[in-house]
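In this note's numbering, the protein residues as written are 21 to 153. C-beta atoms are modelled at their ideal positions from N, C-alpha and C, and glycine is treated no differently. Scroll down for the structure; my scribbles are underneath it.
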């Protein structure tokens, strides 16, 4: 089904924007998904996008096996280590080599700590809060 849109998607035309918006539906609150879907469906102007919206309707919007609240991820905790992996990658790039001597590693970590005071801190509730130091 998606292969129909490959050229249009790669060229980033109107179909690209429409598809991207449908991909974001699970990020909305449950009560906003249906109205947003209906609004997006009105923007469908080709047979291919009509078939795509029919598929979404059957498979995700009205299928009792997958009710909307089962695939809505709004407000759920992020369960990934992408942030720590990104920080680790950045640290390796800044080190410019592996197996740093201990004192060079300490110096690099101190420089990182200075940067962290400006970016925010995680509170006990797991939300990011701005720090003021």
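Do residue 38 and residue 69 come within 8 Å of each other at the CB atom, strictly closer than that value? yes
One question on the structure: do residue 46 and residue 92 come within less than 8 Å of each other, judged by their Cβ atoms? yes
Proximity winner among 107, 44, 119 and 117, relative to residue 135 (alpha-carbon distances): 107
Taking C-beta to C-beta, are residue 61 and residue 43 nearer than 8 Å? no
When burial is assigned at 16 or more other CB atoms within 10 Å of the CB, is residue 35 buried or exposed? buried
Compute the distance between the beta-carbons of residue 50 and residue 88, then report whether it is under 8 Å. yes
Figure out for me which residue from 81, 128, 33 and 67 has the closest Cα to the Cα of residue 19. An answer regarding residue 19 cannot be provided, because it is not within the stretch 21 to 153 covered by the chain.
Thinking C-beta only, is residue 128 closer than 8 Å to residue 114? yes
For the segment 52-121, list the beta strand (DSSP E) runs that are entirely contained and at least 3 residues long, ordered along the chain. none
Taking the alpha helix (DSSP H) that residue 37 belongs to, which residues open and close that run? 34-43
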